[in-house]
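In terms of this note's numbering, the sequence shown has 106 at position 106, counting the first letter as 1, and numbering is strictly consecutive.
Using N, Cα and C, we set each Cβ at its ideal position, and we do this for glycine too.
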Amino acid sequence: PPAPQPQPTMPSHHDTDYVSYKSTSGKKFEVFTKPNAAMAWRKARKKGEEADLRAVVAAACVYRDVKKLKLASASELRAEFGTDDALEAAAVILEKGKLRVKVYIRSPLMEWTLDSVFALETVTALYTCSSKEGALPKFLAACFVVSIVVSASMHICRTAGRWLSTRFLSSHPFNDPLSEDTILRQFQTQVWQLIAHVTMSAFGLYAYLD
Numbered sequence: 001p002p003a004p005q006p007q008p009t010m011p012s013h014h015d016t017d018y019v020s021y022k023s024t025s026g027k028k029f030e031v032f033t034k035p036n037a038a039m040a041w042r043k044a045r046k047k048g049e050e051a052d053l054r055a056v057v058a059a060a061c062v063y064r065d066v067k068k069l070k071l072a073s074a075s076e077l078r079a080e081f082g083t084d085d086a087l088e089a090a091a092v093i094l095e096k097g098k099l100r101v102k103v104y105i106r107s108p109l110m111e112w113t114l115d116s117v118f119a120l121e122t123v124t125a126l127y128t129c130s131s132k133e134g135a136l137p138k139f140l141a142a143c144f145v146v147s148i149v150v151s152a153s154m155h156i157c158r159t160a161g162r163w164l165s166t167r168f169l170s171s172h173p174f175n176d177p178l179s180e181d182t183i184l185r186q187f188q189t190q191v192w193q194l195i196a197h198v199t200m201s202a203f204g205l206y207a208y209l210d
């Protein structure tokens, strides 16, 4: 019998790709691949050349969600692929799935840099406000209000996007484009940026005309 899937770990390199496959039953299965390896594997298969599957997959695991490192169970693999061998299932996923590139993987150095910049900006803003009488409470209140507005707006964008995708774009040729969490987050971020730019432009126009 095939060995059970190993304990999932997030690949350490920054340019890990992955392939996402949606089965006929609507379930999503994904595998991590080494950078650009999945495309090269497909080209080799089309030419009838031998292609080593183990040289493609970053880990011999099949996931239901690579972002959450949620593994597919053996029963799910048997039901969808007719085997509980992760490599055999991965071959089907690589051949029929959609290639996704550059999964975001946390980089400690990058996270530390961003946190340092944020801390520096916060300290600078607090120092500037504290030097002016009555400005600090107004600044803190404004930060609190803005944080609530941003969180609410992001939630509304995500909910509205999911509703529009399932209600109006679920059929061919769109096929529910926001069903995948990665694409939904991208939509959420882009719409939030649109709202922020339009709002700031409106405030700027109002201030200019006043």
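Rounded straight-line distance, which links the Cα of Asp-115 to that of Glu-121: Walking along the sequence shown from the start, residue 121 turns up at place 121. Walking along the sequence shown from the start, residue 115 turns up at place 115. Taking the straight line joining both Cα atoms gives about 10 angstroms.
Mapping DSSP to helix, strand and coil, what is Val-103? Your numbering for residue 103 matches position 103 in the sequence shown. Below a pLDDT of 50, predicted positions are generally treated as unreliable, and Val-103, at 49, falls in that range; the measurement from the model is reported next regardless. Three-state DSSP puts Val-103 in coil, outside helix and strand.
Segment contact, 8 angstroms Cβ cut-off, at least three pairs: the segment 121-134 with the segment 63-77: no
At what residues does the alpha helix (DSSP H) containing Ser-179 begin and finish? On the sequence shown, residue 179 is found 179 positions in, with the first residue counted as 1. Segment: none, Ser-179 is in no alpha helix (DSSP H) and carries neither H nor E.
Beta-carbon spacing of Asp-17, Phe-32 below 9 angstroms: The sequence position of residue 17 within the sequence shown is 17, counting from 1. The sequence position of residue 32 within the sequence shown is 32, counting from 1. A contact, by the Cβ cut-off of 9 angstroms.
Nearest-angstrom Cα distance between Asp-84 and Ala-90? Here residue 84 corresponds to residue number 84 of the sequence shown, with the count starting at 1. Here residue 90 corresponds to residue number 90 of the sequence shown, with the count starting at 1. Each residue's Cα considered, the two are about 11 angstroms apart.
Evaluate contact between the segment 129-147 and the segment 157-168, counting only Cβ atoms and requiring at least three cross-stretch pairs below 8 angstroms. These segments do not touch.
Start and end residues, alpha helix (DSSP H) containing Lys-96: Here residue 96 corresponds to residue number 96 of the sequence shown, with the count starting at 1. 86-96 is the extent of the alpha helix (DSSP H) around Lys-96.
Between which two residues does the beta strand (DSSP E) carrying Asp-115 extend? Your numbering for residue 115 matches position 115 in the sequence shown. Per DSSP, Asp-115 belongs to no beta strand (DSSP E); it is in the alpha helix (DSSP H), 108-130.
Taking Gln-193 as the reference, give the member of Leu-178, Ala-60, Ser-151, Val-56 with the closest Cα. As a working note, residue 193 is residue 193 in the sequence shown. Of the candidates Leu-178, Ala-60, Ser-151, Val-56, the one whose C-alpha sits nearest the C-alpha of Gln-193 is Ser-151.
Suppose you measure from the CA of Gly-82 to the CA of Ser-75; what does that come to, to the nearest Å? Numbered from its first residue, the sequence shown carries residue 82 at position 82. Numbered from its first residue, the sequence shown carries residue 75 at position 75. Per the coordinates, the alpha-carbon of Gly-82 lies some 9 angstroms from the alpha-carbon of Ser-75.
Need the endpoints of the beta strand (DSSP E) that Val-62 sits in, please. The count along the sequence shown starts at 1 and reaches residue 62 at position 62. Counting along the chain, Val-62 falls outside any beta strand (DSSP E), and DSSP gives it neither H nor E.
Boundaries of the alpha helix (DSSP H) in which Ser-153 is found, first to last residue: Mapped onto the sequence shown, residue 153 falls at position 153. Here the alpha helix (DSSP H) through Ser-153 covers 135-168.
Would you kindly work out how many angstroms separate the C-alpha atoms of Pro-173 and Leu-209, rounded to a whole number? In the sequence shown, the residue the question calls residue 173 occupies position 173. In the sequence shown, the residue the question calls residue 209 occupies position 209. If you take the alpha carbons of Pro-173 and Leu-209, they lie about 45 angstroms apart.
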